[in-house]
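Q: Take a look at the following structure, please.
Protein chains in written order, with the working numbering: chain A, 62 to 461; chain B, 1116 to 1403.
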């Protein structure tokens, strides 16, 4: 009788014990869910997968004595595809964390799925602030940048330079709209005004109509609240239609890959805010060179972010001695981040990783001395200025 | 307000001339060969890439590319017709559609692998650089050239097909190839050349587009769906229908971008649905 009872008790306690310590299924599996072929595949995509693999290799391929496995899939920038893949990963393939999730719509679709199954999302690609605002979850880290940081960096810098009146060309989905709203409020707060906005379907190849509307608005600054190929086409066509130099462009989310494909001739003088630039210091150059050897391209801030967030996640597992999501999240939020990517980084209870950002200007062709020498870093925006304060967060988790 | 509207309409006309040029090639190929050429977008992209490669690697300028790239893609198209499409003649045209769609995916995939997605910049040729202020809008000189050149090519092709003996052979070949062959006309060669010509038209549009858009592997698939809608609205196979509808839809889209930008991506398909409801054969099509 006593033996049966003891056996029953130990059986009942067994799952609890397993959950409390150790790696749940003998392997730490990280899924890189990203845009492998579409509009964002150069700025994230295969480069993000390579960055995650580099992080796993630099960890020796093992964490807490168990192997690290990186898997990847293409979400095609579609929310339904993203949540389906994530569900399959969680239910059937024991994936512990999903990284990247470029484009906000896919991130917002996967986050609640992950949270309901107690798995971790490590966002590097998306930007919109509902991710750490009213849509936040306890199992999410928003790592690289958000629309607030982009808006504040570029928006206030341009207004300070005298660009008081703005018109927006906005990608017509959640990311573009929040980026436009955030920038508009920064512009107004700094004493500028917003003359109008036009919402272009995403993705669009031909921006001429929208540029004409921007032109006829007479605004000094045309803010581009879009990303990737959309930004590239709008900048290129803005030059064609003679918007510049009468009006100036402000790229609200511009990646190194965009500048590379546009060429400095068309892109020179553009202000932008970035979380990472490869040629900033020895550490960043060293990592970027390794990335370049692997992919034949220099890393964007999304790529560097994926490496850094995966490393931070693995360190947290090491420290916690388990891949249990609650324990790992606690460690991730406790430890500061200081590596080649992030300076003065801290992950708040709302999941937002606040770290230094950089205001940059694209060099003129004559100032570029070597391949991929594109940015001049104008100033460092300290973490507490770059990101919204925790007290202003709409995330319920921040209120505790 | 009216000034802005004129600007939009002019831009619409410019885009429309791209649509017209692309749908013309599709309509010719469908009209004469009964092939739904889904590789048209890839052929358009190839034209742009050949121009870019010529300039970047060999220093070959825009004007040479404008002739050389379509010629190269045309030859490639002839090889495709000769080796692949010819085997499908007489079968349901669904087979041709699948074959060309597959080809397009392969070509696009290869280019994506080689060049990435953000693409490469192609500069406007120096002779056509700059812009003119028309009072109501600033018109880039290059865009004006696009309208003129595409209209000239469209008109020329239409004249050849409708008004010449060669065109008469082509039209006869679609009705009754066996009879035409009995008159001593080399019908298989005619089909090969026709497909090559359609492909060359797509490549021509690609070279024209290179300085306007980024040269990217996706440029073809972005435009091909709209172009198919143009061909369906105009009436499958109708040459005149393709040209007129291409321009008309460009204008309609320009108007939508001005009045209600959010729907500008779908307005073409709404038009297609309406036309198919009212005239199932398309605006200029004949019931077969």
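Positions of the beta carbon are idealized from the N, C-alpha and C atoms, including for glycine.
Quantities reported herein were computed from a predicted structural model and do not represent experimental measurements.
Please report the residue range of the beta strand (DSSP E) in which residue 88 of chain A lies.
A: From DSSP, residue 88 of chain A is part of no beta strand (DSSP E); its letter is neither H nor E.
Q: Quick one: which chain A residues come within Cβ less than 7 Å of residue 1379 of chain B?
A: Correct list: 262.
Q: For residue 281 of chain A, does the three-state DSSP call read helix, strand or coil?
A: Coil, per DSSP.
Q: Give me the residue from B/1321, B/1245, B/1311 with the minimum Cα distance to residue 1196 of chain B.
A: Of the candidates B/1321, B/1245, B/1311, the one whose C-alpha sits nearest the C-alpha of residue 1196 of chain B is B/1311.
Q: Express the C-alpha separation of residue 1200 of chain B and residue 1299 of chain B in angstroms, rounding to a whole number.
A: Using only the alpha carbons, I get a separation of about 23 Å.
Q: Please give the ranges of any beta strand (DSSP E) in the region 241-312 of chain A, keeping only runs that are unbroken, at least 3 residues long and fully inside the region.
A: Whole beta strand (DSSP E) segments, 3+ residues: 254-261, 282-286, 309-312.
Q: Assign residue 102 of chain A to one of three DSSP states: helix, strand, or coil.
A: Coil at residue 102 of chain A, not helix or strand.
Q: Tell me the rounded alpha-carbon separation between residue 310 of chain A and residue 1282 of chain B.
A: Approximately 50 Å between the Cα atoms of the pair.
Q: List the endpoints of the continuous beta strand (DSSP E) containing residue 1391 of chain B.
A: First-last for residue 1391 of chain B: 1382-1393, but that is the alpha helix (DSSP H), not the beta strand (DSSP E).
Q: 9 Å is my cut-off, CB to CB: does residue 1337 of chain B come that close to chain A?
A: Residue 1337 of chain B counts as touching chain A.
Q: Check each candidate in A/443, A/241, A/404, A/171 and name the one with the smallest Cα separation from residue 344 of chain A.
A: Out of A/443, A/241, A/404, A/171, A/404 has the C-alpha closest to the C-alpha of residue 344 of chain A.
Q: In this structure, does DSSP put residue 326 of chain A in helix, strand or coil?
A: Correct three-state label for residue 326 of chain A: helix.
Q: Within 8 Å: the Cβ of residue 365 of chain A and any heavy atom of the ligand GTP?
A: The ligand GTP is absent from the structure shown, which contains no ligands of any kind.
Q: Residue 323 of chain A versus chain B: which residues are under 9 Å apart at the beta carbon?
A: Per Cβ cutoff of 9 Å: 1233, 1236, 1329.
Q: Using only the alpha-carbon positions, how far apart do residue 1389 of chain B and residue 1149 of chain B sit?
A: One C-alpha to the other measures close to 25 Å.
Q: Which two residues bound the contiguous beta strand (DSSP E) that contains residue 1172 of chain B?
A: Element bounds for residue 1172 of chain B: n/a, residue is neither H nor E.
Q: Give a yes or no on whether 9 Å exceeds the smallest Cβ distance from residue 1119 of chain B to chain A.
A: Yes, because at least one Cβ of chain A sits closer than 9 Å to the Cβ of residue 1119 of chain B.
Q: From the beta carbon of residue 139 of chain A, is the nearest beta carbon of chain B less than 9 Å away?
A: No, residue 139 of chain A lies away from the interface with chain B (no Cβ there is under 9 Å from its Cβ).
Q: Is the region 1329-1344 of chain B in contact with the region 435-453 of chain A, if contact means three or more CB pairs nearer than 8 Å?
A: Touching, no.
Q: Return the CA-CA distance between residue 253 of chain A and residue 334 of chain A, expressed in angstroms with no decimal places.
A: Roughly 19 Å separates the two Cα atoms.
Q: Using C-beta distances below 6 Å, list every residue in its chain close to residue 425 of chain A, excluding the 5 sequence neighbours before and after it, in chain order.
A: Same-chain partners within the cutoff: 329.
Q: Judging by CA-CA distance, which residue of A/104, A/366, A/312, A/153 is the nearest neighbour of residue 90 of chain A?
A: With distances taken between Cα atoms, residue 90 of chain A lies closest to A/153.
Q: Expressed to the nearest angstrom, what Euclidean distance is found between the alpha-carbon atoms of residue 280 of chain A and residue 1243 of chain B?
A: Cα-Cα distance, rounded: 28 Å.
Q: Under 8 Å, CB to CB, which of the residues in the region 274-293 of chain A have a partner in chain B?
A: Residues 274, 276, 277, 289, 290, 293.
Q: What would DSSP say about residue 58 of chain A, mapped onto helix, strand or coil?
A: Absent from the structure is residue 58 of chain A, since the part of chain A shown begins at 62 and ends at 461.
Q: To the nearest angstrom, how far is the alpha carbon of residue 1265 of chain B from that of residue 1213 of chain B?
A: Cα to Cα, residue 1265 of chain B sits roughly 29 Å from residue 1213 of chain B.
Q: Quick one, are the C-beta atoms of residue 1379 of chain B and residue 289 of chain A less than 9 Å apart?
A: Not in contact: residue 1379 of chain B and residue 289 of chain A (Cβ atoms no closer than 9 Å).
Q: Along the chain, where does the alpha helix (DSSP H) containing residue 332 of chain A start, and where does it finish?
A: Premise fails: residue 332 of chain A lies in the beta strand (DSSP E), 332-335, not in any alpha helix (DSSP H).
Q: Is residue 161 of chain A helix, strand or coil when you go by DSSP?
A: Residue state, collapsed to three classes: strand.
Q: So which residues on chain A does residue 1373 of chain B lean against when the C-beta distance must stay under 9 Å?
A: Here the neighbours are 270, 273, 274.
Q: Name the DSSP bridge partner or partners of residue 202 of chain A?
A: According to DSSP, residue 202 of chain A bridges with A/183.
Q: Along chain A, in chain order, which residues have C-beta atoms closer than 7 Å to that of residue 1227 of chain B?
A: Those are 98, listed as they occur along chain A.
Q: Check the Cβ-Cβ distances between residue 104 of chain A and every residue of chain B, and say whether any is below 9 Å.
A: Cβ-Cβ to chain B under 9 Å: yes for residue 104 of chain A.
Q: Grab me the residues of residue 1258 of chain B's own chain with a C-beta within less than 6 Å of its C-beta, minus the 5 sequence neighbours each way, in chain order.
A: Correct list, in chain order: 1129.
Q: Tell me the DSSP secondary structure of residue 359 of chain A in three-state form.
A: Looking at residue 359 of chain A - three-state DSSP - the assignment turns out to be coil, as it is neither helix nor strand.
Q: Roughly how many angstroms separate the alpha carbons of residue 1255 of chain B and residue 191 of chain A, rounded to a whole number?
A: Cα to Cα, residue 1255 of chain B sits roughly 40 Å from residue 191 of chain A.
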